[in-house]
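Undergrad: Numbering follows this note's numbering, in which position 14 of the sequence shown is assigned residue number 34; successive positions increment by one, without gaps. Just so it is clear, CB atoms sit at the ideal spot from N, CA and C, and this is done for glycine as well.
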Amino acid sequence: MKTQWDCMLQNVGKWDGSFTRFALDGTQTSDISSQLTLENRGDHRACLTLIRESPDHPQPMVLEYSSINQSTLFTDSGAFSQGSMQYAPFSQFGAEFGHICGDRRLRLVQLFTTESKPEFVTLIREKRVGTAAEFAAILTVDDLLGTWEGSAITVYPDLRNPDRFTSTLTIAKTDAQTVEQSLTFAGRTIASKGRLQGQSLFFEGGPVTTQVLRLPDRASVSFPVEVPKGMPFFLECGWMPEPTVRHRLIRAYDKHGGWVSFTQVIERKI
Numbered sequence: 021m022k023t024q025w026d027c028m029l030q031n032v033g034k035w036d037g038s039f040t041r042f043a044l045d046g047t048q049t050s051d052i053s054s055q056l057t058l059e060n061r062g063d064h065r066a067c068l069t070l071i072r073e074s075p076d077h078p079q080p081m082v083l084e085y086s087s088i089n090q091s092t093l094f095t096d097s098g099a100f101s102q103g104s105m106q107y108a109p110f111s112q113f114g115a116e117f118g119h120i121c122g123d124r125r126l127r128l129v130q131l132f133t134t135e136s137k138p139e140f141v142t143l144i145r146e147k148r149v150g151t152a153a154e155f156a157a158i159l160t161v162d163d164l165l166g167t168w169e170g171s172a173i174t175v176y177p178d179l180r181n182p183d184r185f186t187s188t189l190t191i192a193k194t195d196a197q198t199v200e201q202s203l204t205f206a207g208r209t210i211a212s213k214g215r216l217q218g219q220s221l222f223f224e225g226g227p228v229t230t231q232v233l234r235l236p237d238r239a240s241v242s243f244p245v246e247v248p249k250g251m252p253f254f255l256e257c258g259w260m261p262e263p264t265v266r267h268r269l270i271r272a273y274d275k276h277g278g279w280v281s282f283t284q285v286i287e288r289k290i
């Protein structure tokens with residue numbers, strides 16, 4: 021695997037985009053145009069400049085890097101996640117996910133309140149400046165139906181050797197309000213049932229109720245409806261850069277609320 025620094029450099033370039041905030045029911049509450057530039061300055065130095073067209077951000081944000089923050093992990097493709105390393109009650113908690121595919125990037129920020137409940141999500145859709153890349157419509161339930169074969173890599177905060185595995189995910193709609201899915205990986209199968217409500221799916225059968233919110237650009241975000249105490253949980257951002265290809269980024273936490281891994285799954289519909 022490449023070094024974390026080299027993985028980060030997969031994102032070098034100038035990206036036009038927008039920061040779009042959504043309430044938890046999928047209602048759009050704001051939309052701000054943006055341009056992000058990541059420069060490789062050599063000698064293990066990089067500079068990020070973010071311009072947002074908003075009165076709340078009158079000046080560009082400029083960050084200079086010579087190392088990768090320990091709360092951030094990348095994969096070889098340049099996909100990444102950064103965020104809280106430890107969940108604690110009554111404190112700010114959240115994460116950012118970043119997908120990259122060709123001349124497109126899709127990022128998402130998920131924040132929780134100090135009462136451990138999800139607050140809002142910010143979807144950041146970007147394309148490389150000077151390209152004809154296009155954004156897709158909102159993800160539909162029908163987009164997800166079928167059988168998906170995946171290849172995955174899990175990387176760890178202590179930078180031990182990554183784990184790689186394959187998976188099979190089958191999603192079927194059993195009636196107008198219900199979706200069933202079966203995920204097989206590492207010799208085990210997990211079955212779950214989701215309830216459709218507006219732009220969301222709610223998976224309520226396990227110890228942690230998870231909401232999956234469908235978003236524009238064929239994106240999705242998955243999160244617990246309340247961060248559980250004493251149980252492991254995960255945050256996930258999905259994106260379909262093509263109708264038959266889905267990328268999923270998963271940030272996993274253990275029962276003590278500690279961040280334990282970051283997984284990228286690339287699935288293809290068969």
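Can you tell me whether DSSP reads residue 181 as helix, strand or coil?
TA: In the structure shown, residue 181 sits in coil (DSSP, three-state: anything other than H, G, I, E or B).
Undergrad: What does the alpha-carbon distance come out to for the pair residue 231 and residue 100?
TA: 22 Å
Undergrad: For chain D, is any of its Cβ atoms less than 7 Å away from the one on residue 235?
TA: No chain D appears in this structure, which consists of one protein chain only.
Undergrad: To the nearest angstrom, how far is the alpha carbon of residue 74 from that of residue 112?
TA: Using only the alpha carbons, I get a separation of about 24 Å.
Undergrad: Closer than 7 Å by C-beta to residue 117: which residues in its own chain qualify, once you throw out the five before and the five after it? Chain order, please.
TA: 101, 127, 128, 257, 269
Undergrad: Per DSSP, residue 195 forms a beta bridge with which residues?
TA: 198
Undergrad: I'd like the span of the alpha helix (DSSP H) that includes residue 164, first residue to last.
TA: Residue 164 -> alpha helix (DSSP H) spans 161 to 164.
Undergrad: When DSSP labels each residue in this structure, what does residue 260 get in the three-state scheme?
TA: strand
Undergrad: Verify whether the separation of the beta carbon atoms of residue 191 and residue 182 is less than 7 Å.
TA: no
Undergrad: Between the Cα of residue 38 and the Cα atoms of 51, 27, 85, 96, which residue gives the shortest distance?
TA: In this structure, 51 is the residue among 51, 27, 85, 96 with its C-alpha nearest to the C-alpha of residue 38.
Undergrad: Might you give, ordered along the chain, the residues of its own chain that have their beta carbon closer than 6 Å to the beta carbon of residue 291, omitting 5 neighbours on each side?
TA: Here the chain comprises residues numbered 21 to 290, so residue 291 is not present and cannot be evaluated.
Undergrad: Going by alpha carbons, who is nearest to residue 294 out of 88, 195, 46?
TA: Because the chain here runs from 21 to 290, residue 294 falls outside it and cannot be looked at.
Undergrad: Going straight from the alpha carbon of residue 291 to that of residue 154, what length do you get?
TA: The first residue shown for the chain is 21 and the last is 290, placing residue 291 beyond what the model contains.
Undergrad: Might you give, ordered along the chain, the residues of its own chain that have their beta carbon closer than 6 Å to the beta carbon of residue 72, omitting 5 neighbours on each side?
TA: 52, 54
Undergrad: Whose CA, out of 200, 115, 44, 245, lies closest to the CA of residue 165?
TA: 200
Undergrad: Going by DSSP in three states, residue 28 sits in which element: helix, strand or coil?
TA: It is helical.
Undergrad: Going by beta-carbon coordinates alone, are residue 98 and residue 31 separated by less than 7 Å?
TA: In this structure, residue 31 lies closer than 7 Å to residue 98 by Cβ.
Undergrad: So residue 241 and residue 141 are in contact, right, with Cβ under 8 Å, and what is the actual spacing, rounded?
TA: 5 Å
Undergrad: For a quick check, are the C-beta atoms of residue 136 and residue 262 less than 7 Å apart?
TA: no
Undergrad: Less than 6 Å between C-beta atoms, sequence neighbours within five positions excluded: which residues of the same chain meet that for residue 65?
TA: 86
Undergrad: Count the other C-beta atoms from every protein chain shown that fall within 10 angstroms of the C-beta of residue 63, then say buried if there are 16 or more, exposed otherwise.
TA: exposed
Undergrad: What whole-angstrom Cβ distance do residue 266 and residue 169 have, given they're in contact under 8 Å?
TA: Wrong, their Cβ atoms sit about 11 Å apart, outside the cutoff.
Undergrad: Rounded C-beta distance between residue 204 and residue 188? I'm assuming under 8 Å.
TA: 5 Å
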